[in-house]
Amino acid sequence: MKKTIILLATAFLMTSCEKFLDTDSLDKKNTGNFPVNVADANQMLTGIYASLSRAVSNPQHSHFYMAELASDDRFGGGGENDRDMQGLDHLMNTQPDRFLNFWEARYEGIFRANTAIETLDKVSGWSGDAEKNQLLGEVHFLRALYYFELAQMFGEVPLLVESVATVKPKASADEIFAQIAFDLQKAIELIPARAYNAVPSGHATKWAAQALLARAYLFYTGYYKKADLPVAGGGTIAKNLVVQHLEDCIQNSGHNLVPEFRNLWPYSNEHTAKDYEYAKDNNLKWVGDGHMETVFAVKFGTLADWGDQYILGYSNQYLLHFGLRSNNGLAGTFPFGQGWGAGPVNTSLWNEWRQAEPTDIRRTASIINADVDLQDYVYGADNQMEETGFWQKKYVPVTAYREGALLPSYAVLSDAAAVDYQLAHTQDLILIRFADVLLMHAELKEDATNLNRVRARAKLPAVAYSLPALKRERRWELAFEGLRYFDLMRWHDAADALAKQEGVTIKNKGVNTAMKGFGGGYKARYEATGGFWAIPNSEIILTDGVLTQNKGWGTPAAEFTGW
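Residue numbering for the sequence shown follows our numbering, beginning at 10 and increasing consecutively.
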């Protein structure tokens, strides 16, 4: 924590080593002269959002990436030496500071949020209360989001709600989720109830706060087997209030389902669709980023380069990691482009989905079947490991042609992105989608109305409500969107579901192999850790024992040494 706090203090946007001194400075920003106007306030908010992108600069150490590769629907993949990817799949460690970058990025964002909450009252020149409340509400939303991701990754973590450099032990799950609930309540109260498209894309809305509150409620009450969600300062949030918030979002936000599921994903973009038979045959047309189904997303742009980790974060590096390894991702696998080969899809997902819902268009809309969909796919390309021939289609490089030349991404044509397969990706990373809002409401109400609304979009018949039906619908609709692992955790299905990966046929460097459990097996690893990951070791060392390691880590059985 000492290292983290030092980094946070020195990295804070537009600050200096004198930031905590109440002295006048004519050439540096500090708490005496910053923030004083609305421009300053917006600078502070931009700095808090920037912490979202910092984690994307090293995606293999992030919340979303972990949730995808650790779930039962995907394997680790990568090359022979990509043990980080394969270790995530097996819930095993590969290095002492595996998640240090993510840990620092999230506490950096928390520190910045704390500073903003303490100092925004100094700002003058607001156009009105709505402008001030919107900004302050976004700050509370982001602090809640950062703590929620930490709590899902590590369980109990230090709880810091002041911009004071201090070393603290882990707070209890009750305390952490109480703070998350407090911040989300503040965000819901503060942020004006404007239609989603009246707010700049990428900014938090009241509706996003309501949806995140439901997600936090479901995870906390499910995983920890609680009835209500506590709130810092006193009180609790009961299920009926969460339902009311979701109904407000559903009825008043302006969000809705995009009529065609396949138009949610960039393989249907205009530059690619004209040459992609699947898109042409189904008359697909991408709705673009920031569409009506996006409740909250991480935004990307065209400023990425290799000079700085923050600049690199302008590119959606998840797409690079989830792309097809070299000797694939070229003309023979159009329109799916080149990358690191992380996250091959578990064959069991394809088979179970086909058996349960044989007419569900979302299966082929979400999964590439290399043997059918790709003209010249090469198995074992560049030492590909844990390969199945199935890849996901939602977050993957999508190529396009310009005057006969294959470009690494459609974004070169649509957004003027760099012609660089490692940096050209501008697709939003959607953290909350409206379909998830509908399914959370169905789960909390134990009512099939909104579950069937999602099914109807996929041209599927209505079903009666049951928890198994709800679980299946979440798996199909939200596949590859960073939610499955945490759903399994909160339903207490994870140990058994993860264990079913053992024995599935994979290819390592083109050779048929049975997936192994390693370290005693998937179920043993999950039961040893509770599904939470190791806190970065350097943070523990720096606290002189104040911060302790999570259970199940630090033993030989926890270390992934490779195939």
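All residues carry an ideal CB built from backbone N, CA and C; glycine is no exception.
- Proximity to valine 307 across Ile57, Gly563, Pro44, Thr570 peaks at Ile57, based on C-alpha coordinates.
- In the three-state reduction of the DSSP assignment, glutamine 95 falls in the helix class, which pools H, G and I.
- Contact check for valine 304 against histidine 264 passes: the beta carbons are separated by less than 8 Å.
- In this structure, tryptophan 274 keeps its C-beta atom at 8 Å or more from the C-beta atom of glutamate 366.
- Boundaries of the beta strand (DSSP E) harbouring threonine 522: 520-523, taken from the DSSP string.
- Secondary structure of glutamate 302 (DSSP, three-state): coil.
- Taken in chain order, the complete beta strand (DSSP E) segments of 3 residues or longer contained in the stretch 488-533 are 514-517, 520-523.
- At a Cβ-Cβ threshold of 8 Å, glycine 96 and glycine 85 count as neighbours.
- Less than 8 Å separates the beta-carbon of threonine 435 from that of threonine 311.
- In this structure tryptophan 112 is buried. Its beta-carbon is surrounded by 16 or more other beta-carbon atoms within 10 angstroms.
- Under the three-state reduction of DSSP output, arginine 107 falls in the coil class, being neither helix nor strand.
- Secondary structure note for phenylalanine 399: its beta strand (DSSP E) is the uninterrupted segment 399-401.
- Annotated as proximal: alanine 504 and glutamate 536, with beta-carbon spacing under 8 Å.
- Valine 307 sits in a strand when the DSSP states are folded into three classes.
- Secondary structure of isoleucine 439 (DSSP, three-state): strand.
- Annotation: the continuous beta strand (DSSP E) that includes alanine 409 extends over 409-411.
- Closest option to leucine 383, judged by alpha-carbon separation, among Ala433, Asp391, Ala444, Tyr287: Tyr287.
- Taking 8 Å as the cut-off, the beta carbon of tyrosine 156 is found no closer than this to the beta carbon of isoleucine 200.
- The DSSP-derived three-state label of serine 475 is coil.
- Counting only unbroken stretches of 3 or more residues, the beta strand (DSSP E) elements lying wholly within the stretch 355-386 are 376-378, in sequence order.
- Asparagine 546 places its beta carbon less than 8 Å from that of aspartate 106.
- The Cβ atoms of proline 406 and arginine 83 do not sit closer than 8 Å to each other.
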